Amino acid sequence: MTRSKFLGFGHYVPTKVVTNDDLAKLFDTSDEWIQQRTGIKERRFIEHSGIGASDLAVPAVKMACENAGVGVDSIDAIIFATLSPDFNFPGSGCFLGDKLGLPGVPALDVRNQCSGFLYSLQIADAWIRCGMYRRVAVVGGEVHSTGLDFTDAGRDVAVLFGDGAACALLGPTEDGEEPGVLDVEIHADGSGAKELWLEAPASAYMPRLTKEMIDERKIWPAMNGKQVFRWATKKMPEVMLSVLERNGLSMSDIDLLVPHQANKRINEFVCQKLEFPAEKVVHNIERYGNTTAASIPLGLSEAIQQGRVSSGDTVLMAAFGSGFTWGAALVRL
Ligand SMILES: CC(C)(COP(=O)(O)OP(=O)(O)OC[C@H]1O[C@@H](n2cnc3c(N)ncnc32)[C@H](O)[C@@H]1OP(=O)(O)O)[C@@H](O)C(=O)NCCC(=O)NCCS
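Structure representation (structure tokens):
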């Protein structure tokens with residue numbers, strides 16, 4: 007039976023480095039507070055207005071294709087995970103397809119925030135398994151920096167996020183080849199939707215945007231950090247163990263864990279709970295902050311580049327985020 011596998015990874019981050027000290031010039035915070043609570047030292051922001059998530063994705067996709075040894079023109083489907091699409095509509099996947107010169111290639115946007123890459127991976131895996139497409143570019147890309155409140159009122163959220171993009175190119179296994187993507191498990195619970203959300207502009211309101219909404223700060227992301235922390239540290243280990251158990255594996259079979267990079271403390275807590283060694287965990291939050299849908303493929307792309315994993319290694323990925331949504335994926339490289 008045809009299954010799916012990773013053919014190549016690529017990533018791209020903007021060149022502008024924004025340190026914690028840079029943020030401390032804009033609002034009341036400190037390098038010490040940010041590092042202690044989150045592990046973040048710096049993040050990347052787009053260099054100027056006019057750069058969207060699809061622009062960051064272009065070099066990431068090209069790098070993934072180069073690493074896979076195939077042309078960009080071999081891509082026959084795009085899945086673009088983002089919570090910060092270039093525009094409200096159409097989706098960033100359409101813009102990306104045009105920028106890559108892929109007219110006619112279907113482009114699906116996935117709006118599942120920090121779990122977006124795992125949701126996209128499950129779709130790509132299903133498409134490839136059923137023979138629908140042969141080269142699926144699964145992209146995570148975010149431009150957060152244009153949507154954060156850089157004042158004291160928004161400091162809890164503004165310190166967390168960064169811009170970036172990454173791509174995993176997937177294709178079918180050859181005859182007799184072991185599957186690459188072993189399993190993907192995803193979940194959602196909308197009872198937590200308003201614990202981490204962006205309220206306006208909203209099509210649920212008429213008009214969608216008013217001066218009052220701006221004055222009431224509804225145009226900025228709002229987060230109940232403690233609740234998110236609580237849910238993440240419960241749901242991530244739960245889904246990781248669930249996907250492992252279904253595949254007859256345990257944490258000791260895992261060569262590399264690539265958790266979503268929301269907060270280093272969340273990931274440390276999860277690893278402690280599962281007694282998983284820190285040296286087998288990917289962390290790049292200190293350099294990039296939370297890049298939401300891009301964080302898992304960005305982490306894996308860098309880990310491959312650094313030679314931290316090689317062919318045949320078993321990789322576990324896990325995410326939790328707004329929605330609430332969460333999931334885990336088990337892959338053999
Ligand atoms: C956001 C987070 C780091 C805050 O840490 P915390 O220990 O919960 O901190 P609190 O919200 O209790 O705030 C503690 C104090 O720091 C202050 N504070 C908040 N943001 C601050 C900042 N950037 N700089 C300095 N002080 C800050 C608060 O105002 C509060 O002050 P007070 O005690 O005088 O009221 C933490 O809750 C977290 O990481 N949650 C998960 C968030 C997440 O993962 N989001 C993305 C999900 S995908």
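Residues in the sequence shown are numbered consecutively from 7, following our numbering. Where is the CB? At the ideal position from N, CA and C, for every residue including glycine. Quantities reported herein were computed from a predicted structural model and do not represent experimental measurements.
Shortest gap from the CB of H266 to any heavy atom of ligand 1: under 8 Å. DSSP places S10 in the uninterrupted beta strand (DSSP E) bounded by 10 to 18.
Judged by the Cβ position, Q119 qualifies as a neighbour of ligand 1 at the 8 Å threshold, a heavy atom of the ligand being closer than this.
Contact check for F15 against L306 passes: the beta carbons are separated by less than 9 Å.
Contact between the segment 314 to 330 and the segment 162 to 174 is absent, with fewer than three C-beta pairs closer than 8 Å. With 16 or more other CB atoms across the displayed protein chains lying within 10 angstroms of its CB, E148 is buried.
DSSP places E274 inside the alpha helix (DSSP H), whose first and last residues are 270 to 279. Membership of G103 in any beta strand (DSSP E) is not indicated; the residue belongs instead to the alpha helix (DSSP H) covering 98 to 105.
Taking C-alpha positions only, A206 is separated from A66 by approximately 30 Å.
A Cβ-Cβ distance of about 5 Å is found for the pair V23 and E48, placing them in contact under the 8 Å criterion.
Counting every other CB atom within 10 Å of its CB across the protein chains shown gives D79 a total below 16, marking it as exposed. An exposed status is given to Q312, since fewer than 16 other beta-carbon atoms sit within 10 Å of its beta-carbon. In terms of CA proximity to P91, F101 leads the group A83, I84, F101.
Secondary structure note for C173: its beta strand (DSSP E) is the uninterrupted segment 170 to 178. The Cβ-Cβ distance between V234 and E201 falls below 9 Å. Measuring C-alpha to C-alpha distances from I134 to each of A83, S98, A210 identifies A83 as the nearest. For the pair G329 and E191, the CB atoms are not nearer than the 9 Å cut-off. Using a 10 angstroms sphere on the CB of T88, the tally of other CB atoms reaches 16 or more, which defines it as buried. Secondary structure note for I84: its beta strand (DSSP E) is the uninterrupted segment 83 to 87.
Cα atoms of S258 and K105: separation of roughly 43 Å, rounded to the nearest angstrom. The three-state secondary structure of M246, taken from DSSP, is helix.
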